[in-house]
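For the record, the sequence lines run as chains S and D. Quick note: the first sequence, position 49, residue 38 per the working numbering, numbers continuous. Quick note: the second sequence, position 63, residue 189 per the working numbering, numbers continuous. Just so it is clear, CB atoms sit at the ideal spot from N, CA and C, and this is done for glycine as well. Every value quoted in this text rests on a predicted model; they were computed, and no experiment measured them.
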Amino acid sequence: AQKVTQAQTEISVVEKEDVTLDCVYETRDTTYYLFWYKQPPSGELVFLIRRNSFDEQNEISGRYSWNFQKSTSSFNFTITASQVVDSAVYFCALSEAPGGSYIPTFGRGTSLIVHP
Amino acid sequence: AAGVIQSPRHLIKEKRETATLKCYPIPRHDTVYWYQQGPGQDPQFLISFYEKMQSDKGSIPDRFSAQQFSDYHSELNMSSLELGDSALYFCASSAGRGTTGELFFGEGSRLTVL
């Protein structure tokens, strides 16, 4: 079973639109970490945010914001006023430690296309 | 700040050949992870090492092997290459088996098998 579900395979928006990327996770651990990574066409994985399970505060960084809700096991990512440079595949990941080490498991990714 | 270094960045091999990828973790990081990302896929965990010992094992094929050396760099050896091995291979490093949740990825090595 997929531990991280990104139901949106591809999202297409026009520049300046707001867009939310959904992420739902599944874990039995009480201590875990959630991440978002951006993968532009060049291929590298760019770290965006890390959130631990004890910190449900939402976070805003410029045009990016994240909404972590343990009650719904979701960690959604919103880009405000999207730009063409935001076009990329975005991965949500869950890191838990059943055996004592934290191994991130990635969702299948959401491809965001921002049209000019 | 020093990041995770992977080499080579690009590699082209023929079927049934052997390939070796190298990963140099961030200084003072003792844990290394290898991931494989096929075209249009999410990164899949292969294997990790902590203090030069295998720590966790994911979906690494038997044709692949890896190790972590005394200087903490790691090498992923792939033999009898198949077309399906064409992928982007990421290495990541962390301190203390990622207990802080901080994992740092390299830029990846792109392997193409012809």
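{"Item": "Those residues which DSSP pairs with cysteine 149(D) across a bridge", "Value": "Gln132(D) and Ser200(D)"}
{"Item": "Serine 220(D) versus Phe80(S), Pro93(S) and Ser76(S), residue with shortest Cα-Cα distance", "Value": "Pro93(S)"}
{"Item": "Pair within 8 Å by beta-carbon distance, valine 13(S) and threonine -6(S)", "Value": "yes"}
{"Item": "Limits of the unbroken beta strand (DSSP E) element including alanine 82(S)", "Value": "77 to 85"}
{"Item": "Residue(s) in a DSSP beta bridge with asparagine 125(S)", "Value": "Examination of residue 125(S) is not possible in this model, given that chain S is present from -10 through 105 alone."}
{"Item": "Within chain S, partners of serine 246(D) - CB distance below 7 Å", "Value": "Nothing about residue 246(D) can be reported from this structure: the residues present for chain D run from 127 to 240 only."}
{"Item": "Neighbour flag for phenylalanine 95(S) against chain D, beta carbons, 8 Å", "Value": "yes"}
{"Item": "Buried/exposed call for glutamine 163(D), threshold 16 Cβ in 10 Å", "Value": "buried"}
{"Item": "Lysine 5(S), DSSP secondary structure in three states", "Value": "coil"}
{"Item": "Sequence-distant residues of the same chain with beta carbon closer than 7 Å to arginine 142(D), five excluded per side", "Value": "Ser206 and Leu207"}
{"Item": "Beta-carbon proximity of phenylalanine 106(S) to serine 84(S), cut-off 8 Å", "Value": "As displayed, chain S neither begins before -10 nor continues past 105, which places residue 106(S) out of reach and without an answer."}
{"Item": "Counterpart residues of glutamate -1(S) in DSSP-defined beta bridges", "Value": "Ser100(S)"}
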